[in-house]
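Enquirer: Numbering-wise, the sequence shown is residues 6 to 521 according to this note's numbering.
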Amino acid sequence: ACPMYPHLRPTGSSQPNSSTNRSSSKERGPFERCRAYPHGWHKSILGLVALAVASSPAWAVLGGRPGQTENQAATGTAVQTACGQLGPAGGVAGTLPALQQQLFNRCRELVNTANEIDSPGSQTFPLDLTEEQLAAALQQVAPEEVITQGTMAVETSNGQVTNIGARLAALHRGAGGFSASGLSFIAGGRTLEPAMLGATMPVDGARGGGAAADEGFSKLGGFINGTISSGEKDITTLEDGFDVDAVGITAGVDYRFSDKFVFGGALGLTNLDADIDRFGSSTNPVVNGGKVESDGFTLSGYGTYFISDKYYIDGIISLGKNDYDITRSIFYTPGPGGSGTAAVVTAATTADTDSDQVALSIGGGYQGGSGAATWGAYARLDYLKVEIDSFTEAGAGGLNLFVDDQEVKSLVSIIGGRISKAFSRHFGVLIPQGRLEWHHEFENDSRSIVTKYANDPFDTFFISTTDDPDEDFFVLGGGVSAVFKGGTQAFIFLETVLELEDVTNNVITIGGRREF
6 ACPMYPHLRP
16 TGSSQPNSST
26 NRSSSKERGP
36 FERCRAYPHG
46 WHKSILGLVA
56 LAVASSPAWA
66 VLGGRPGQTE
76 NQAATGTAVQ
86 TACGQLGPAG
96 GVAGTLPALQ
106 QQLFNRCREL
116 VNTANEIDSP
126 GSQTFPLDLT
136 EEQLAAALQQ
146 VAPEEVITQG
156 TMAVETSNGQ
166 VTNIGARLAA
176 LHRGAGGFSA
186 SGLSFIAGGR
196 TLEPAMLGAT
206 MPVDGARGGG
216 AAADEGFSKL
226 GGFINGTISS
236 GEKDITTLED
246 GFDVDAVGIT
256 AGVDYRFSDK
266 FVFGGALGLT
276 NLDADIDRFG
286 SSTNPVVNGG
296 KVESDGFTLS
306 GYGTYFISDK
316 YYIDGIISLG
326 KNDYDITRSI
336 FYTPGPGGSG
346 TAAVVTAATT
356 ADTDSDQVAL
366 SIGGGYQGGS
376 GAATWGAYAR
386 LDYLKVEIDS
396 FTEAGAGGLN
406 LFVDDQEVKS
416 LVSIIGGRIS
426 KAFSRHFGVL
436 IPQGRLEWHH
446 EFENDSRSIV
456 TKYANDPFDT
466 FFISTTDDPD
476 EDFFVLGGGV
486 SAVFKGGTQA
496 FIFLETVLEL
506 EDVTNNVITI
516 GGRREF
């Protein structure tokens, strides 16, 4: 049975393997045996063990100290529990295997520092830190950086659905043949759609769709759309702040089977880079930075059905795979009176893993107009499920982490409307437009990420918790496109996200297109 969780049964060998920096869901071996999915049981048992250890005169409480965040407290409790087990197993005598001994040395220093602050017991190897600095040191050995993976997985899916959505929007307005004009922009994971302002909108205000759209166009069509995304998230008590940039491209081919039905397939490629912000003092930062990079592809099927010239139904299904490279920076410095075994604790961990995802989107809308003015209303439901494989870090010796499988789910409803009007000028046509959307998140609740120190033979798992996502927010945008004589087109588009916490979104987009 598991040493920490007797109600869970082993599924692998009795000793962990920390020699690799990657562990797939099929090759986790002993890491499977003590998975703490019954979170209530896990926290209760871990807390009882830590309380029993802390009750000894040689230990102070390391987790749950004044001023600690939830994740710092969970890390402190896990460190103290592991230390209490490693010590009598050979840590105090210095006879553990090298990486296990490193883990014990680091955890003993942290526990002795708590002892020094509270003055209850052993203070042989304290770091001479204040309460605030001790909390920062615990943050350095916590796994909160991996939370960024979930955010990146959602943004990858959003970018590809956006590119296909731009093609569907073009079909609604009567586009046919092949197009390479769909350039979209995203900020903080929120979609901008300047792509089709002038590229596919009828300049005389006419509406496309249905039989009217079929005239003059080949039944076979295609597109190449791109996304350029940038955003930032502020640091919170549970999650690090970071800046994220992404580039995605989607190419597809579709066929008009009838006046009312178009169906196609698409391939999408995405690259994302997230730089984790450094936060805190230079000697004992709360967060010392890091990086998460992702490359992925998606295969999608999409279609639209015209109920009439004014009403339509859309659908998208996507399957995708992403690879992640994760770098986590560890750095904390003992005070002048510290007597730990390391002058400075510093390391850069590396790890890689991958994920599989499925995305579904279904919606419908109305489009109308009068003269040179056009307007429309639409609604859709987007579902996303991402499964991220477990992984083991390398590069930090005893402080390497094993991170269990993660699952990310999202179910979002979008209700929106748009309006535009064409104005004829001597140089061409100007088409201003505005857009407002309401987004509501149903399922992307706070996640619990299960982690352990890779070189802990007792498999002391602990949990890091993410922020609750914003349930409701609004997207407001406006812009203008110009269609010049000779076919040259240009646009400028501004958009902002309203009522979204911890994310800044103010974007100006400029672009153009020329027909040959």
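No residue lacks a Cβ here, since even glycine has one placed at the ideal position from N, Cα and C.
Looking only at DSSP bridge pairs, what is V522 linked to?
Expert: Only positions 6 to 521 of the chain appear in the structure, and residue 522 is not among them; the question remains open.
Enquirer: Quick check: what's the CA-CA separation for G400 versus A140?
Expert: Cα to Cα, G400 sits roughly 23 Å from A140.
Enquirer: May I ask you to list the residues that DSSP assigns as paired with A353?
Expert: Bridge partners of A353: S334.
Enquirer: Using a threshold of 7 Å, state whether the C-beta atoms of G522 and A384 are closer than that.
Expert: Because the chain is modelled from 6 through 521, residue 522 falls outside the range shown and cannot be assessed.
Enquirer: Taking the continuous beta strand (DSSP E) assigned at G246, which residues delimit it?
Expert: From DSSP, G246 is part of no beta strand (DSSP E); its letter is neither H nor E.
Enquirer: Which residues does DSSP list as the beta-bridge partners of K524?
Expert: Residue numbering for the chain in the displayed model covers 6 to 521; residue 524 lies beyond these limits and cannot be assessed.
Enquirer: Using CA coordinates, which residue listed in K224, A382, L243 is at the minimum distance from V258?
Expert: Closest by alpha carbon: K224.
Enquirer: For G99, does the count of other Cβ atoms within 10 angstroms reach 16, so buried, or fall short, so exposed?
Expert: Exposed, by the Cβ-count rule.
Enquirer: What is the C-beta distance between D330 and D357, in whole angstroms, given that I count them as a contact (C-beta under 8 Å)?
Expert: Contact flag correct, Cβ pair sits at about 5 Å.
Enquirer: Quick one: is D248 buried, meaning 16 or more other Cβ sit within 10 Å of its Cβ, or exposed?
Expert: By the 10 Å Cβ count, D248 comes out exposed.
Enquirer: Could you tell me the distance, in whole angstroms, from the CA atom of P462 to the CA atom of N163?
Expert: In a straight line, the C-alpha of P462 is about 40 Å away from that of N163.
Enquirer: Starting from the C-beta of F266, find all residues in its chain whose C-beta is less than 6 Å away, skip the five residues before and the five after it, and write them out in chain order.
Expert: Excluding residues within five positions, the ones whose Cβ falls inside 6 Å are Y310.
Enquirer: Let's see if you can read the secondary structure: which residues bound the alpha helix (DSSP H) around N488?
Expert: Sequence check: residue 488 is Val here, not Asn. Not the alpha helix (DSSP H): V488 falls in the beta strand (DSSP E), residues 477–489.
Enquirer: Could you tell me the distance, in whole angstroms, from the CA atom of S395 to the CA atom of D280?
Expert: Taking the straight line from one Cα to the other gives about 21 Å.
Enquirer: For L272, name the three-state secondary structure that DSSP assigns.
Expert: Reduced to three states, the DSSP call for L272 is strand.
Enquirer: State the DSSP-derived secondary structure class of E412, mapped to helix, strand or coil.
Expert: Strand at E412.
Enquirer: Excluding the 5 residues flanking N302 on each side, which residues of the same chain have their C-beta closer than 6 Å to its C-beta?
Expert: A quick correction: the sequence has Phe, not Asn, at residue 302. Result list for F302: L274, in chain order.
Enquirer: Drop a sphere of 10 angstroms on the beta-carbon of K326, count the other beta-carbons inside from all chains shown, and report buried for 16 or more, exposed for fewer.
Expert: So K326 ends up on the exposed side.
Enquirer: For I312 and D464, what's the separation of their Cα atoms in angstroms?
Expert: Going from the Cα of I312 to the Cα of D464 covers about 58 Å.
Enquirer: Can you round the beta-carbon distance between I424 and H444 to whole angstroms, since I take them to be within the 8 Å contact cut?
Expert: Not really, about 19 Å apart at Cβ, beyond 8 Å.
Enquirer: Entirely within the segment 352–401 and at least 3 residues each: give me those beta strand (DSSP E) ranges in chain order.
Expert: Fully enclosed beta strand (DSSP E) runs of 3 or longer: 378–393.
Enquirer: Report buried or exposed for D477, applying the criterion of at least 16 other Cβ atoms within 10 angstroms of its Cβ.
Expert: Result: exposed.
Enquirer: Can you tell which of T156, R261, L406 has the C-alpha that lies nearest to the C-alpha of A147?
Expert: Taking only the C-alpha atoms, the option nearest A147 is L406.
Enquirer: I need the DSSP call for F109, collapsed to helix, strand or coil.
Expert: F109: helix per DSSP, three-state reduction.
Enquirer: Compare the beta carbon distance of T483 and G433 with 7 Å and say whether it is the shorter of the two.
Expert: In the sequence on display, residue 483 carries Gly and not Thr. No. Outside cutoff.
Enquirer: Are the beta-carbon atoms belonging to I152 and T471 less than 7 Å from one another?
Expert: Yes, the pair counts as a contact, with Cβ atoms nearer than the cut-off.
Enquirer: Which residues in the same chain as R172 place their Cβ atom closer than 6 Å to its Cβ, once the five residues preceding and following it in sequence are excluded?
Expert: So the qualifying residues of the chain are F228.
Enquirer: Quick one: Cα of W46 to Cα of A79, how far?
Expert: In this predicted model, W46 has a pLDDT of only 39, less than 50, meaning its place in the structure is not dependable enough to derive any value.
Enquirer: Could you tell me the alpha carbon to alpha carbon distance between V297 and E504, rounded to whole angstroms?
Expert: Using only the alpha carbons, I get a separation of about 27 Å.
Enquirer: Could you work out which residue in D473, G295, S344, L243 is closest to N76 when comparing CA atoms only?
Expert: Ranking D473, G295, S344, L243 by Cα distance to N76 puts L243 first.
Enquirer: Give me the Cβ distance between S486 and I454, rounded to the nearest whole Å; I'm assuming they're in contact under 8 Å.
Expert: Rounded, the Cβ-Cβ distance is 44 Å, inconsistent with contact.
Enquirer: In terms of DSSP beta bridges, what is T278 paired with?
Expert: The sequence given here has Asp at residue 278, not Thr. For D278, which the question treats as bridged, DSSP gives the partners D250, E298.
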